[in-house]
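Visitor: Once you've had a glance at the structure underneath, I'll fire off some questions.
Residue numbers (full-length UniProt numbering): 1 to 78.
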């Protein structure tokens with residue numbers, strides 16, 4: 001599963017992990033991606049999305065129908 005949120009577009013960030021002696025090693029900061037299933041009344045079916053924690057909050061605020069219409073207008077296959 002790729003670390004990509006379908007709602008917010010969150011992608012991994014890159015940086016360094018720094019040890020006590022201040023040596024730097026490359027590391028990757030992944031977003032908190034969850035596979036979540038939603039019932040969409042307008043489509044009359046379940047839709048499975050890969051969303052971050054912020055994406056789940058966005059769906060709670062805006063509603064699943066509004067988010068799904070935005071995704072369909074962007075051309076995301078559901």
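For each residue, glycine too, the CB sits at the ideal point set by N, CA and C. Predicted model only: the values in this text are computed from it and were never measured.
Under a three-way DSSP split, which group does residue 55 fall into?
Guide: Residue 55: helix per DSSP, three-state reduction.
Visitor: Are there 16 or more other CB atoms within 10 angstroms of the CB of residue 76, so buried, or fewer, so exposed?
Guide: Burial call: exposed.
Visitor: For residue 55, which residues in the same chain have their Cβ closer than 6 Å to its Cβ, ignoring the five residues on either side in sequence?
Guide: Closer than 6 Å at the Cβ level, and outside the excluded window around residue 55, lie 5, 7 and 8.
Visitor: By the 10 Å Cβ neighbour count, where 16 or more other Cβ atoms means buried, how is residue 61 classified, buried or exposed?
Guide: Exposed, because fewer than 16 other Cβ atoms sit within 10 Å of the Cβ of residue 61.
Visitor: Hey, is the segment 12 to 23 in contact with the segment 37 to 54, meaning 3+ C-beta pairs nearer than 8 Å?
Guide: Taking 8 Å as the limit for Cβ pairs, the verdict is that the segment 37 to 54 does not touch the segment 12 to 23.
Visitor: Are the Cβ atoms of residue 2 and residue 31 separated by less than 7 Å?
Guide: Contact flag unset, no.
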